[in-house]
Each structure stands twice: as structure tokens, then as C-alpha cells.
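Asker: First the structure, then my questions, so here it is.
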């Protein structure tokens with residue numbers, strides 16, 4: 002079997018058996034060692050580079066590991082392999098949704114799932130607000146001020162997210178004296 006096919010199968014297995022991010026790292030390490038494509042030190046360097054670059058860790062690791070193993074084409078094949086399970090499951094879900102969207106049972110299932118999803122989102126938001134805007138049960142006034150300003154700029158002034166992130170970072174640096 003060719004190296005490219007082995008890369009594809011290895012990363013497809015990783016995509017099917019992990020949940021992304023750091024959960025992929027042990028599986029990638031195992032596959033790289035099993036095929037003698039990379040040493041532990043090589044993989045440590047790949048993970049460090051993947052963590053420094055924008056994008057999901059698993060895809061970055063697949064890109065770098067595939068590239069180190071079989072060049073640019075290897076990187077492309079590894080990424081396609083790691084993404085194939087998500088594409089397949091998403092496609093199957095879309096097909097099922099389309100087929101059963103008018104089903105009474107499916108409608109009842111969605112009636113139960115929608116509020117559960119909404120509650121999970123609200124709980125996550127509440128936890129993030131608590132972590133980011135309060136320290137030792139007291140409001141972090143600079144963080145609250147920055148957050149409210151950004152909410153205003155997005156909601157009322159229609160600022161784009163990258164501008165808001167940049168201004169938030171700048172205000173954070175100034176308010177917390179990071180430099």
C-alpha cells in the first residue's frame with residue numbers, strides 16, 4: 002500500500018476515534034510511531050508548531066505530520082483523512098434531517114432537544130461570564146468595561162468581529178499593563 006493511502010487511512014481512523022484537539026495527539030503519536038514516519042521528538046515539534054498556528058489543533062497536526070511524511074500531497078491527504086469522518090457524519094445527518102423533517106416523531110424529538118441545547122448554551126455563557134468578568138467573587142471592572150464596550154460596538158455600531166478583537170486586545174494590554 003502506498004504511503005499516501007496509509008496516511009489517509011491512519012488519519013481517517015484518528016478522525017473517527019477522537020473528538021478533536023488534544024484528544025487526537027495520542028492517536029497521531031501512535032500512528033506516526035507504528036508506521037515509523039516520525040519520532041516522538043518530531044511529533045512534539047509538530048504539536049508545538051500546530052499550537053502556534055491558527056486553526057484547529059487536529060487539522061494542523063494532520064497537515065504538518067502528513068507534510069513531514071509525504072510532502073505537500075501528504076499534508077493534503079492527511080487533512081482529507083482526518084476530516085472525512087466529520088464530512089460523512091454531517092452529510093448523513095443532513096440526509097436524515099431532510100428525509101424525516103416532516104415526521105411527527107422527529108418534530109417531537111426536536112421539541113425536546115431545542116430547549117436542552119438552549120440551556121446548554123446559556124449555562125456555557127454564564128460560566129464564561131463568571132470566569133472572565135469576576136475574580137474572587139468581585140467584578141473585574143476593566144474586563145466588564147471592555148466587555149460592555151465591545152457589546153455596544155457590535156450591537157449598535159455594527160463593528161466587525163476582527164476589529165472588536167483587536168480593540169479588546171489593545172484595551173486589555175493598556176488596562177492590565179501587560180507590556
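Residue numbers (our numbering): 2 to 180.
A virtual CB, placed ideally from N, CA and C, is assigned to each residue, including glycine.
Please read all numbers here as calculations on a predicted model, not as lab measurements.
Do residue 9 and residue 82 have their C-beta atoms closer together than 8 Å?
Answerer: The residue labelled residue 9 in the question sits at position 8 within the chain shown. The residue labelled residue 82 in the question sits at position 81 within the chain shown. A contact, by the Cβ cut-off of 8 Å.
Asker: Would residue 63 and residue 12 be called neighbours here (beta carbons separated by less than 8 Å)?
Answerer: Walking along the chain shown from the start, residue 63 turns up at place 62. Walking along the chain shown from the start, residue 12 turns up at place 11. In this structure, residue 12 lies closer than 8 Å to residue 63 by Cβ.
Asker: What do you reckon, are the CB atoms on residue 85 and residue 59 nearer than 8 Å?
Answerer: One-based indexing of the chain shown puts residue 85 at position 84. One-based indexing of the chain shown puts residue 59 at position 58. Their beta carbons are not under 8 Å apart, which means residue 85 does not touch residue 59 by this criterion.
Asker: Taking three-plus beta-carbon pairs below 8 Å as touching, is the segment 33-48 in contact with the segment 110-117?
Answerer: Judged by Cβ distances under 8 Å, the segment 33-48 makes no contact with the segment 110-117, as fewer than three pairs qualify.
Asker: According to DSSP, residue 100 sits in a beta bridge with which residue or residues?
Answerer: Here residue 100 corresponds to residue number 99 of the chain shown, with the count starting at 1. Residue 100 pairs with nothing; no bridge assigned.
Asker: Just the Cα atoms here: how many angstroms apart are residue 133 and residue 45?
Answerer: Mapped onto the chain shown, residue 133 falls at position 132. Mapped onto the chain shown, residue 45 falls at position 44. In a straight line, the C-alpha of residue 133 is about 31 Å away from that of residue 45.
Asker: Residue 106 to residue 175, Cα distance in whole Å?
Answerer: In the chain shown, counting from the first residue as 1, residue 106 sits at position 105. In the chain shown, counting from the first residue as 1, residue 175 sits at position 174. In a straight line, the C-alpha of residue 106 is about 55 Å away from that of residue 175.
Asker: Nearest-angstrom Cα distance between residue 169 and residue 54?
Answerer: Here residue 169 refers to the residue found at position 168 when the chain shown is read from its first residue. Here residue 54 refers to the residue found at position 53 when the chain shown is read from its first residue. Roughly 21 Å between the two C-alpha positions.
Asker: Hey, could you find the ends of the alpha helix (DSSP H) residue 108 is sitting in?
Answerer: In the chain shown, residue 108 corresponds to position 107, counting from 1. Looking at the DSSP string, the run of the alpha helix (DSSP H) that includes residue 108 is 105-134.
Asker: With 16 other CB atoms within 10 Å as the buried threshold, where does residue 70 fall?
Answerer: Your numbering for residue 70 matches position 69 in the chain shown. By the neighbour-count rule (16 or more Cβ atoms within 10 Å), residue 70 is buried.
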